[in-house]
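Under the numbering used here, the first residue of the sequence shown is numbered 53, with each subsequent residue one higher.
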Amino acid sequence: MAIWEFEPLAQERIWGGRNLQERFGRVLPEGKKIGETWELVDRAEAQSVVRGGGESLHALWSSADRKKLFGLKVPDTSRFPILVKLLDAQEKLSLQVHPPAAKARELGGEPKTEMWFFLETQKGAEIYAGLKKGVGRKEFELALAKGRVAECFHRLPTEAGQAMFLPSGRVHAIGAGNVILEIQQNSDTTYRVHDWDRRDDTGKPRALHVKEALESIQWEDHEPALIQPRGERLLVCDHFRITRWWVAPGEVREVVPDAGSFRYLFVADGKVREEGSGEEWAKGSARFITADHGSVLLHGVEDSTVVQVEFS
């Protein structure tokens, strides 16, 4: 049994910035626009490693103790099936879609359902999610041809503490001024339909994937709403369960992993102290508590918000 802290992996992005270092304590390479840190990842091209010279997430997932460490709900997959990221959108991201499972198999990609939890937002921040009412494939393709496809997207203002569910097939984009905790399927397939005429470092337009995107969009997905929490619960889907809870100064929160699933905790705001080690987890801290660990007591040091991820 263990409480793991994994090393974040910084990802340079054309739309990124430095907020993940300045606001959430990540150590970023100098002089780079960092749009993402991959907090929990098991992919061939990127691998989480336990801080302090520990094992990789893939080695832990592949061990004989998989069910003991990750829980009895583990799916039969070759890699850990959830990917957790922090996103710092200093500029708008591309208008894009991730393919549903059946279409992903056909196109040679991976499905990707995800949830965004808004950690910080600037005044006027927004997202694009789903289609406006009355927009179908015909209207969408016509707008594409005219260079006005952004007008087909439903737009929602965002505030810290809100959340958005993005099932595979839902067109979307993150607007400028959002810092987001993203919990998603372990996938890196994205089909861009529009990228605001941006160019990469070599001066070339960024690649678009219009044909694949048109095949992947759910055309009946009109004007979705932000998640309406039910108490502490934010989301339960086929891939994960996400809750958000609070601890005030002097209060104690008991986190009890069970045989079914691990608990992954991210401190979205404030500071808590873990009783067993005496360690303080400040804003931006993330810990993975194995399924066999038993009770963990967290004491509120400041007014704190914690996002919890587990298997559904």
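Even for Gly, the Cβ is constructed at its ideal location relative to N, Cα and C.
Are residue i and residue j close, meaning C-beta to C-beta below 8 Å?
i: I294; j: V358; result: no
i: S239; j: K164; result: yes
i: R339; j: I55; result: yes
i: L121; j: L112; result: yes
i: P309; j: H345; result: yes
i: G336; j: V319; result: yes
i: A215; j: F170; result: yes
i: A311; j: A343; result: yes
i: I232; j: L139; result: yes
i: P152; j: G221; result: yes
i: E162; j: T241; result: yes
i: T89; j: R78; result: yes
i: D94; j: R118; result: no
Excluding five sequence neighbours on each side, which residues of the same chain lie with their C-beta closer than 6 Å to the C-beta of residue i?
i: Q73; result: L80
i: I226; result: A141, L145, I179
i: R103; result: E57, E59
i: E362; result: R293, S313, R315
i: V149; result: V223, Y243, A265, S268, I269
i: W298; result: T357
i: V304; result: L349, H351
i: H368; result: Nothing about residue 368 can be reported from this structure: the residues present for the chain run from 53 to 364 only.
i: P127; result: P133
Report the rounded CA-to-CA distance for residue i versus residue j, giving the unit in angstroms.
i: R244; j: S146; result: 6 Å
i: L196; j: E178; result: 22 Å
i: K184; j: F58; result: 40 Å
i: L317; j: R157; result: 32 Å
i: W168; j: K137; result: 10 Å
i: E166; j: A62; result: 20 Å
i: V201; j: E211; result: 25 Å
i: D290; j: S364; result: 6 Å
i: A259; j: V353; result: 47 Å
i: A154; j: P219; result: 13 Å
i: D273; j: H206; result: 10 Å
i: L159; j: L349; result: 46 Å
i: A277; j: F217; result: 9 Å
i: T173; j: T129; result: 35 Å
i: K65; j: K85; result: The sequence shown places Arg at residue 65, not Lys. The straight-line gap from Cα to Cα measures roughly 6 Å.
i: G176; j: L208; result: 10 Å
i: H261; j: G83; result: 30 Å
i: R251; j: E332; result: 43 Å
i: G199; j: K263; result: 16 Å
i: G123; j: G105; result: 24 Å
i: G255; j: G87; result: 20 Å
i: K323; j: Q237; result: 28 Å
Spatial neighbours of residue i within its chain, please: CB distance less than 7 Å, with the 5 preceding and 5 following residues excluded, ordered by chain position.
i: Q142; result: W67, G68, G69, A228
i: G330; result: none
i: C204; result: L183, K184, V187, E191, F192, A195
i: D321; result: K335, S356, T357
i: E275; result: G182, K184, K185, H206
i: M53; result: T342, D344, H345, G346
i: D253; result: none
i: I279; result: A215, M216, F217, L286, L287
i: G213; result: F170
Among the residues of its own chain, which have a CB less than 8 Å from the CB of residue i, if the five just before and after it don't count?
i: D249; result: P257
i: R189; result: L266, I269, W271
i: P281; result: A215, R296
i: S347; result: E306, V307, V308
i: N71; result: D140, Q142, E172, V231
i: L92; result: F58, S100, L109, F132, I134, L135, V136, Y316, A338, F340
i: E107; result: V101
Say whether chain B places a C-beta atom closer than 8 Å to the C-beta of residue i.
i: T129; result: Chain labels in this structure do not include chain B; a single protein chain is all it has.
**Report entry** the stretch 97 to 105 touching the stretch 284 to 292, judged by at least three CB pairs closer than 8 Å
**Finding:** no
Taking only runs of the alpha helix (DSSP H) that begin and end inside the stretch 292 to 331, which ones reach a length of at least 4 residues, in chain order?
-> none
query = Unbroken alpha helix (DSSP H) runs of length 4 or more, entirely within the stretch 203 to 268: which are they?
reply = 262 to 268
message: To test your reading of the DSSP string, which unbroken beta strand (DSSP E) runs of 3 or more residues are found completely within the stretch 153 to 213?
response: 166 to 173, 178 to 183, 205 to 209
Q | Length-filtered (4 minimum) alpha helix (DSSP H) runs lying within the stretch 109 to 140 | A | 109 to 113, 118 to 122
Entirely enclosed beta strand (DSSP E) segments - the stretch 60 to 97, minimum 3 residues = 61 to 69, 86 to 92
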